[in-house]
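FYI, the numbering for the sequence shown is 37 to 438, going by our numbering. Just so it is clear, CB atoms sit at the ideal spot from N, CA and C, and this is done for glycine as well. A quick write-up on the structure given underneath.
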Amino acid sequence: MDKLSSAGYGSTAGSCAVIRLHYSTPDGVAMARAGYHYWINWPEYLEVEDELGPVTYINTGCLVMKTAHNKYLKNVMASLDNLGVEYEELDIAGIKKKVPFLDTRKYFPVKLPDDPDFGEPTGEAVAGAIFVSESGYISDPQLSTHNLQRAAEAKGGEFMFNAEVVDIRKKEGRAAGITLKDGNQIDAPIVVNVAGPHSYIINRMAGVEEDMKIKTRALRQEVCHVPAPEDIDYQRDGTIISDGDIGCYSRPETGNHILVGSEDPECDEREYVDPDNYDTSFTKQWTAQAMREAQRIEGLRVPNQMQGVVDLYDVTDDWIPIYDKSGLPGFYMAIGTSGNQYKNAPVVGVMIAELIKKVEAGHDHDKDPLQFFMKYTERSFNVGFYSRLREINPDSSFSVIG
Ligand SMILES: Cc1cc2nc3c(=O)[nH]c(=O)nc-3n(C[C@H](O)[C@H](O)[C@H](O)COP(=O)(O)OP(=O)(O)OC[C@H]3O[C@@H](n4cnc5c(N)ncnc54)[C@H](O)[C@@H]3O)c2cc1C
């Protein structure tokens, strides 16, 4: 059921669709690695052809800067080692060789542009970086959702668009179905909340929010698209860069543009909003991100004309999602994706399906969390990591990095 007119028109349409592996926790890295395999085997996963064609995975590699905040990537490297993922550890000369047009000076702590010290280096050089070659992005996140719609339909799934859920109905202590805005009622023994930034509204309809220790909220985000310096072919020579030193992540974007997102530095205000009523225009945040990126990319100009995306994250208290059952039998949730779960969506779908089957067969997932076997990485994953009843995970970055 979707209140919008087509598959993937929610926050997925605004996604930067970056497929990268560096998360702050070993579980985060393991899940991203499992997800990566679905993207590189996309047609095989879909099993059907979409008349609009499949999306493309574009491999660029990902350069991740070492900072004190990310513990100089020690935990990330240990997790990658554990999974057998190859990466290069780079010093300044290595970074320059990989991406020659980078200014490798240190700028941390991240500042607002009106800070008198903005743009002044705080050190001769960043602390180094790692380069993970198996990383990239998806050509069109909205189309990837359409691909999944067609794949689900081929297995008997049905989709309703322009269909707004206004109530979660209950009967005998269980979820019994949904009521739509036009009054239509649809009965269902299982209801799954996948409402993105509206997830908390659906949870309130179901009356399950009280039972949750970790909750979700809608957070406004701006993403910039800026032209690359004229002498750089960014599509060919650019890469994904996750740069905590300047508080930005970036990747090549069509038209020789650079897409720049925020890594949520402490100096930036967090704008929690009503997902049905928020400012969709660019603000000072856009300029701040473009100016921060210009510290790193030599010759980058900040254009007067602002281009990019304004959209919402569905953020949890610790920026790690909730993939779980709820206090209401028959009602499940895959929410709180915190700006970093597009890449995991295919594997999460498989995981949630298994969770539902087990719980409906009588398994007590809260007491004895499901162990999910990830077929591509041949590892088990403790799904309790994503529980709504967990304590806030102190190892999280509390940012889009997860
Ligand atoms: C700007 C931005 C950049 C991002 N970049 C990345 C990235 O590079 N890599 C990455 O891995 N992740 C990224 N993410 C995160 C990722 O895109 C999201 O985690 C993912 O797209 C969420 O998908 P979803 O289906 O859960 O939510 P959505 O795509 O938001 O879908 C939820 C759907 O629920 C519908 N809905 C809501 N309420 C109702 C209702 N009452 N009745 C009926 N339907 C309803 C909405 O219409 C919507 O279509 C980014 C997110 C944003 C916003």
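(1) So is the beta-carbon of residue 132 under 7 Å away from any non-hydrogen atom of ligand 1?
(2) Run through the segment 243–283 for me and flag every whole beta strand (DSSP E) of 3 or more residues, listed as ranges in chain order.
(3) Could you tell me which residues DSSP puts in a beta bridge with residue 210?
(4) Quick one: complete beta strand (DSSP E) runs, 3+ long, within the segment 119–177?
(5) Any heavy atom of ligand 1 within a distance shorter than 7 Å of the CB on residue 266?
(6) Spell out the partners DSSP gives residue 72 in its beta bridges.
(7) State yes or no: is the C-beta of residue 342 nearer than 7 Å to some heavy atom of ligand 1?
(8) Quick one: residues in its chain with C-beta nearer than 8 Å to the C-beta of residue 300, no 5 flanking neighbours on either side, listed in chain order?
(9) Sort 366, 142, 382, 271 by Cα distance to residue 208 and report the nearest one.
(10) Heavy atom of ligand 1 less than 7 Å from the Cβ of residue 471, yes or no?
(11) Can you tell me whether DSSP reads residue 407 as helix, strand or coil?
(12) Name the one or two DSSP bridge partners that residue 231 has.
(13) Since residue 348 is in the beta strand (DSSP E), which residue starts that stretch and which ends it?
(14) So with Cβ pairs under 8 Å, would you call residue 167 a contact of chain B?
(15) Excluding five sequence neighbours on each side, which residues of the same chain lie with their C-beta closer than 7 Å to the C-beta of residue 105?
(16) Please determine if the segment 352–370 and the segment 415–426 are in contact, where contact requires at least 3 C-beta pairs separated by less than 8 Å.
(17) For ligand 1, I want to know if residue 94 counts as a neighbour, meaning its beta carbon is within less than 7 Å of at least one of the ligand's heavy atoms.
(18) Under the DSSP definition of a beta bridge, which residues are partnered with residue 285?
(19) Could you pull the DSSP bridge partners for residue 370 from this structure?
(20) Roughly how many whole angstroms lie between the Cα atoms of residue 432 and residue 219?
(21) Can you list, in chain order, the residues of its chain with a C-beta nearer than 7 Å to that of residue 186? Leave out the 5 residues immediately preceding and following it.
(22) Could you compute how far the alpha carbon of residue 69 sits from the alpha carbon of residue 265?
(23) Taking only three categories from DSSP, how would you classify residue 433?
(24) Mind checking which residues open and close the alpha helix (DSSP H) that includes residue 341?
(25) With DSSP as the reference, label residue 290 as helix, strand or coil.
(26) Using CA atoms only, rank isn't needed, just tell me which of 61, 81, 345 is closest to residue 115.
(27) Who are the near neighbours of residue 163 in its chain, counting only those whose CB is closer than 7 Å to its CB and skipping five residues on each side?
(28) I believe residue 439 touches residue 326 by the beta-carbon criterion, under 8 Å. Please report the beta-carbon distance rounded to the nearest angstrom.
Result, derived from the coordinates:
(1) On the sequence shown, residue 132 is found 96 positions in, with the first residue counted as 1. Outside the cutoff, so no.
(2) 252–263, 276–279
(3) Walking along the sequence shown from the start, residue 210 turns up at place 174. Note: residue 210 sits in a beta bridge opposite 207.
(4) 124–126, 165–168, 172–174
(5) Indexing the sequence shown from 1 puts residue 266 at position 230. No, since every heavy atom of ligand 1 falls outside the 7 Å radius drawn around the Cβ of residue 266.
(6) Within the sequence shown, the letter at position 36 stands for residue 72. Per DSSP, none; premise fails for residue 72.
(7) As a working mapping, residue 342 is identified with position 306 in the sequence shown. Not under cutoff, so the answer is no.
(8) Position 264 of the sequence shown, counting from 1, holds the residue named residue 300. Within the same chain, residue 300 has close Cβ partners 283, 306, 434, 435, 436.
(9) On the sequence shown, position 172 is the one that residue 208 refers to. Considering only alpha carbons, the answer is 366.
(10) Missing from the structure shown is residue 471; the chain here goes from 37 to 438 and no further.
(11) For the purposes of this step, residue 407 is identified with residue 371 of the sequence shown, where counting begins at 1. In this structure, residue 407 counts as strand in the three-state DSSP scheme.
(12) Taking the sequence shown and counting its residues from 1, the one referred to as residue 231 is at position 195. None; residue 231 has no bridge partner.
(13) The residue labelled residue 348 in the question sits at position 312 within the sequence shown. 344–352 is the span of the beta strand (DSSP E), which, as asked, contains residue 348.
(14) Of the protein chains in this structure there is only one, and it is not chain B.
(15) Here the question's residue 105 lines up with position 69 in the sequence shown. Closer than 7 Å at Cβ, skipping near neighbours: 280.
(16) yes
(17) What you label residue 94 is simply residue 58 of the sequence shown in a count that begins at 1. Because no heavy atom of ligand 1 lies under 7 Å away, the Cβ of residue 94 does not count as near it: no.
(18) The residue you call residue 285 lines up with position 249 of the sequence shown. Paired residues: 278, 297.
(19) Sequence index remark: in the sequence shown, residue 370 carries index 334 (1-based). DSSP lists 359 as partners of residue 370.
(20) What you label residue 432 is simply residue 396 of the sequence shown in a count that begins at 1. What you label residue 219 is simply residue 183 of the sequence shown in a count that begins at 1. Rounded to whole angstroms, residue 432 to residue 219 spans 42 Å at the Cα level.
(21) Along the sequence shown, read from residue 1 onward, the residue named residue 186 stands at position 150. So the qualifying residues of the chain are 84, 86.
(22) Taking the first residue of the sequence shown as 1, we reach residue 69 at position 33. Taking the first residue of the sequence shown as 1, we reach residue 265 at position 229. One C-alpha to the other measures close to 33 Å.
(23) For this step, residue 433 is matched to residue 397 along the sequence shown. Residue 433 falls in the coil class under three-state DSSP.
(24) Your numbering for residue 341 matches position 305 in the sequence shown. Residue 341 -> no alpha helix (DSSP H), and no H or E assigned at all.
(25) For the purposes of this step, residue 290 is taken as the residue at position 254 of the sequence shown. The answer is coil: DSSP assigns residue 290 none of H, G, I, E or B.
(26) Mapped onto the sequence shown, residue 115 falls at position 79. Considering only alpha carbons, the answer is 61.
(27) Translated into positions along the sequence shown, residue 163 becomes position 127. Here the set comprises 102, 103, 108.
(28) Because the chain spans 37 through 438 in this model, residue 439 falls outside it and cannot be assessed.
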